Amino acid sequence: MLKLYGFCVSNYYNMVKLALLEKGLPFEEVPFYPGTSPEALAISPRGKVPVLGVEQGFINETSVILEYLEQSQKGTPLLSSDPFERAQALALAKEIELYIELPARACYPAAFFGMSVPEAIQEKTKAELLLGFASLGRHGKFAPYVAGDSLSIADLYFLYSVPMACAVAQKLLDIDLLAKMPAARALLERLEQNLHVQRIAKDKNAAMPAFLQMIASKK
20 MLKLYGFCVS NYYNMVKLAL LEKGLPFEEV PFYPGTSPEA LAISPRGKVP VLGVEQGFIN
80 ETSVILEYLE QSQKGTPLLS SDPFERAQAL ALAKEIELYI ELPARACYPA AFFGMSVPEA
140 IQEKTKAELL LGFASLGRHG KFAPYVAGDS LSIADLYFLY SVPMACAVAQ KLLDIDLLAK
200 MPAARALLER LEQNLHVQRI AKDKNAAMPA FLQMIASKK
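Every number in our numbering is 19 more than the matching position in the sequence shown, counting from 1.
1) Spell out the partners DSSP gives Val73 in its beta bridges.
2) List in chain order: all unbroken beta strand (DSSP E) runs of 3+ residues lying wholly within the region 57-119.
3) How would you label Ala229, buried or exposed, when you count the other beta carbons within 10 angstroms and need 16 or more for buried?
4) By Cβ distance, which residues of its chain are closer than 8 angstroms to Pro163, with the 5 residues on each side in sequence left out?
5) Pick out whichever of Ala130, Leu39, Ser100 and Phe103 has its Cα sitting closest to the Cα of Met183.
6) Going by the CB atoms, is the gap between Ile115 and Phe177 shorter than 8 angstroms?
7) By alpha-carbon positions, which one of Pro45, His158 and Tyr31 ends up nearest to Met200?
8) So does the region 80-90 actually touch the region 32-41, counting three or more Cβ pairs closer than 8 angstroms?
9) List the residues that DSSP assigns as beta-bridge partners of Lys22.
10) What residues match up with Tyr164 in a beta bridge as DSSP calls it?
11) Compare the C-alpha of Phe152 against each of Tyr31, Pro45, Leu121 and Met134 and name the closest.
12) Closer than 8 angstroms is the cut-off here; do at least three beta carbon pairs connect the region 190-200 with the region 131-148?
13) Mark Leu148 as exposed unless 16 or more other C-beta atoms lie within 10 angstroms of its C-beta, in which case mark it buried.
14) Would you call the region 41-61 and the region 102-110 in contact, with 3 or more CB pairs under 8 angstroms?
15) What's the gap between the Cα of Glu74 and the Cα of Met20?
Put into structure tokens, the structure is as follows:
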């Protein structure tokens, strides 16, 4: 059986978890937090999550895990068989990660954990998020899904990166990043009705108190 290493609060972990659920693949969840102990690094070379345990060993990096599942496992496909459409979905996923997820992540400490982030970093995040959402608006189809008429890997990144970025922008920058993107807002509402997404949200909420306690202990 496939083993998913990580923790339920991680958005990257939840991307892979949703892929496994949508594809109908049996898997076991193994609690695993980022770390630099020899035991952690034996599982994840950089000590990060998620990691997928397979018969041959461990696979790290979310994008690689998702493509591995698509190429090696049966179940509902999350990428088109058409090479061009497949490339478009993967490009959208990469754009969301590079131009939305990563800029927003720089401000997570201030937005979610009561820590301070220098003003210069906040200004950089603002500029990059505005550019990132403009790019998403140009490239995304939202018909009704990000890359077309079916759920794809692009939607996994969209679902677990865009709301976090929107929260950062709203809390720290007083900006509604989806104000001019009604189709994107509608897709978020649609995805929230997905039973697998609801299961993941429930698991995340249950794990959140312990996670916040751990974060507080490290301040």
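From the three backbone atoms N, C-alpha and C, an ideal C-beta is built for every residue, glycine too.
All values reported here derive from a predicted model rather than from experimental measurement.
This is what the structure holds:
1) Gly76
2) 70-73 and 76-79
3) exposed
4) Ala202, Ala205, Leu206 and Arg209
5) Ala130
6) yes
7) His158
8) yes
9) Glu47 and Gly72
10) Gly167
11) Leu121
12) yes
13) buried
14) no
15) 8 angstroms
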